[in-house]
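**Q**
Residue numbers (the working numbering): 393 to 578.
1) If you pair each beta-carbon of the region 494-508 with each one of the region 552-569, do three or more pairs fall below 8 Å?
2) Any chance the region 481-496 sits against the region 448-459, with 3 or more Cβ pairs inside 8 Å?
3) Can you pull the DSSP bridge partners for residue 491?
4) Is residue 422 helix, strand or coil by DSSP?
5) What number of angstroms, rounded off, separates the C-alpha of residue 473 from the C-alpha of residue 517?
6) Would you kindly work out how many angstroms separate the C-alpha atoms of residue 564 and residue 409, rounded to a whole number?
7) Going by C-alpha to C-alpha distance, which of 394, 398, 402 and 571 sits closest to residue 534?
8) Could you compute how far the alpha carbon of residue 529 sits from the alpha carbon of residue 537?
9) In or out: residue 512 buried (at least 16 other Cβ within 10 Å) or exposed?
10) Return the residue from the list 508, 422 and 433 that minimises the CA-CA distance to residue 411.
11) Nearest-angstrom Cα distance between residue 458 and residue 573?
12) In terms of residues, what are the limits of the alpha helix (DSSP H) holding residue 577?
13) Return helix, strand or coil for residue 398, following the three-state DSSP convention.
14) Sorted by chain position, which residues of the same chain lie with C-beta nearer than 6 Å to residue 523's C-beta, five sequence neighbours on each side aside?
15) The ligand MN heavy atoms versus the CB of residue 533: any closer than 8 Å?
16) Considering Cα atoms alone, identify which of 568, 468 and 395 is closest to residue 478.
17) Answer yes or no: do residue 562 and residue 440 have a C-beta to C-beta separation smaller than 9 Å?
18) What are the boundary residues of the beta strand (DSSP E) that residue 581 is part of?
Below is the structure:
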């Protein structure tokens, strides 16, 4: 599940790196993200090996990202420990990534919404670094702002690397996926 805000004015913002990755992954896997009737998300599914990959972009705003999860997880049979949320992270420099299991929201409103809706923090997060706000800039202005050209290139390269790993998910466990993602930072 990639987090972001719907609408063309948010496409290139730091907050939308989760959406950016889901879109690139769908393209790489030759999948079409579609909106199910009366649902507040777009979705694609890929069977691969012993795994089924569900690509999801909520059509809610960031602060309501978790609203879709309880019914969607029930419908797809997805357990918390198989959920991977792709999200921006200001504590990582632009272009760095880190995947980890479990934890807190770290103040991220999208993660807060997910945790409130599925009533646990026991799921995977793929953090994509967007860097800290410049002095004098607010957090909101930072995450809703666009990357510099240099940082956009770093983030795009990181997303492409993650997509290459995720596209082989049928061949590996989530723990193996996390190890490979994290090893690419060195």
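Idealized CB from N, CA, C, for every residue including glycine.
**A** Checking against the coordinates, here is how it stands:
1) no
2) Judged by Cβ distances under 8 Å, the region 481-496 makes no contact with the region 448-459, as fewer than three pairs qualify.
3) Bridge partners of residue 491 according to DSSP: 518.
4) coil
5) 11 Å
6) Between the C-alpha atoms of residue 564 and residue 409 there is a straight-line separation of about 24 Å.
7) 402
8) 10 Å
9) Its Cβ having fewer than 16 others within 10 Å, residue 512 is exposed.
10) 433
11) 24 Å
12) Unbroken run through residue 577: none, as it is neither H nor E.
13) coil
14) 485 and 486
15) As for the ligand MN, it is missing from this structure, which has no ligand bound.
16) 395
17) yes
18) Here the chain comprises residues numbered 393 to 578, so residue 581 is not present and cannot be evaluated.
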